[in-house]
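Residue numbers (the working numbering), protein chains in the order written: chain A, 1 to 113; chain B, 114 to 226. Beta carbons: idealized from backbone N, C-alpha and C, even for Gly.
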Amino acid sequence: KAGVTQTPRYLIKTRGQQVTLSCSPISGHRSVSWYQQTPGQGLQFLFEYFSETQRNKGNFPGRFSGRQFSNSRSEMNVSTLELGDSALYLCASSLAGARDEQYFGPGTRLTVT
Amino acid sequence: KNEVEQSPQNLTAQEGEFITINCSYSVGISALHWLQQHPGGGIVSLFMLSSGKKKHGRLIATINIQEKHSSLHITASHPRDSAVYICAGGPTNYGGSQGNLIFGKGTKLSVKP
Chain A
1 KAGVTQTPRY
11 LIKTRGQQVT
21 LSCSPISGHR
31 SVSWYQQTPG
41 QGLQFLFEYF
51 SETQRNKGNF
61 PGRFSGRQFS
71 NSRSEMNVST
81 LELGDSALYL
91 CASSLAGARD
101 EQYFGPGTRL
111 TVT
Chain B
114 KNEVEQSPQN
124 LTAQEGEFIT
134 INCSYSVGIS
144 ALHWLQQHPG
154 GGIVSLFMLS
164 SGKKKHGRLI
174 ATINIQEKHS
184 SLHITASHPR
194 DSAVYICAGG
204 PTNYGGSQGN
214 LIFGKGTKLS
224 VKP
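Here it is in structure tokens:
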């Protein structure tokens, strides 16, 4: 069974730009969660999508948004990038949510200059 | 507030040593996840447990529900075990304001040959 894939793997953007990251979950998994990881803050929850609906949201500004498609693939978007958005963005898929085993993608490393 | 506390923060061991990483959690968590993250970012789920003990190769995870404490043990440690180990508390519900993983800060393990 193919694992979770994320594209792109690396991205360099300039302050003020916007970026879209993609996550393809394991086939059959309906839940996709997104996390931001920085050296100072560790892993922080961004949001979770289940069956095309945002089911839970972490404490991030509205510049961070996401969506999920009918095939469970998910995208997250960050608008008006700030230097502090530089981080590793990870997605994880599971059958139905955070009570289930989580399968993580390799991450997208975003650098904002 | 649900919290997950992990110790130690850093750990250096000699090859062959027995290693223990500890994790304490507060109420509102239904299962404990142990995750491994190698340099480069990818996260692998090692265990998910809500009671008792699980073993996979040289890795053993235990959980004590009454004391709200879990441990990850590595027997006969090897340099390839060098990684960051993260424990995460799983929610009691799918979705909702508390329906996401709560992460510890991680333990950086370095095993010297």
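- Residues of the stretch 48-75 of chain A whose Cβ lies closer than 8 Å to any Cβ of chain B, in chain order: 48, 50, 55, 56 and 58.
- For residue 189 (chain B), no chain A residue has a C-beta closer than 8 Å to its own C-beta; the minimum C-beta separation is roughly 26 Å.
- DSSP places residue 30 (chain A) in the coil class of the three-state scheme, outside both helix and strand.
- If you compare the alpha carbons of B:155, B:181 and B:224 with that of residue 6 (chain A), the shortest gap goes to B:155.
- Look at the stretch 128-148 of chain B: the residues with a C-beta under 7 Å from a C-beta of chain A are 143, 144 and 146.
- Going by C-alpha positions, residue 16 (chain A) is about 42 Å away from residue 192 (chain B).
- In this structure, B:206 is the residue among B:206, B:133 and B:197 with its C-alpha nearest to the C-alpha of residue 144 (chain B).
- Looking at the DSSP output, residue 71 (chain A) sits in no beta bridge, so it has no partner there.
- When secondary structure is reduced to three states using DSSP, residue 192 (chain B) falls in the helix class.
- Collapsing the DSSP output to three states places residue 83 (chain A) in a helix.
- Taken in chain order, the members of the stretch 84-104 of chain A whose beta-carbon sits within less than 9 Å of a beta-carbon on chain B are 88, 90, 92, 96, 97, 98, 99, 100, 101, 102, 103 and 104.
- DSSP, read as helix, strand or coil, puts residue 226 (chain B) in coil.
- Residue 3 (chain A) and residue 26 (chain A) have their alpha carbons spaced roughly 6 Å apart.
- Under DSSP, residue 134 (chain B) takes part in a beta bridge, and its partners are B:185.
- Membership of residue 109 (chain A) in the beta strand (DSSP E) is indicated by the continuous run 108-112.
- Nearest to residue 113 (chain A) by C-alpha distance, out of A:41, A:14, A:61 and A:71, is A:14.
- Residue burial annotation: residue 117 (chain B) is buried, with at least 16 other C-beta atoms found within 10 angstroms of its C-beta.
- Residues of chain A whose Cβ lies closer than 7 Å to the Cβ of residue 218 (chain B) are, in chain order, 42.
- Put simply, the CB of residue 172 (chain B) is far from chain A, with every gap to its CB atoms at 8 Å or more.
- Restricting attention to A:28, A:88, A:53 and A:101, the CA atom closest to the CA of residue 152 (chain B) is found in A:88.
- In the DSSP assignment, residue 165 (chain B) falls within the unbroken beta strand (DSSP E) covering 165-169.
- Within its own chain, the residues whose Cβ lies closer than 7 Å to the Cβ of residue 44 (chain A), once the five positions on either side in sequence are excluded, are 35, 36 and 58, listed in chain order.
- Any Cβ of chain A closer than 8 Å to the Cβ of residue 158 (chain B) would place that residue at the interface, and such an atom is present.
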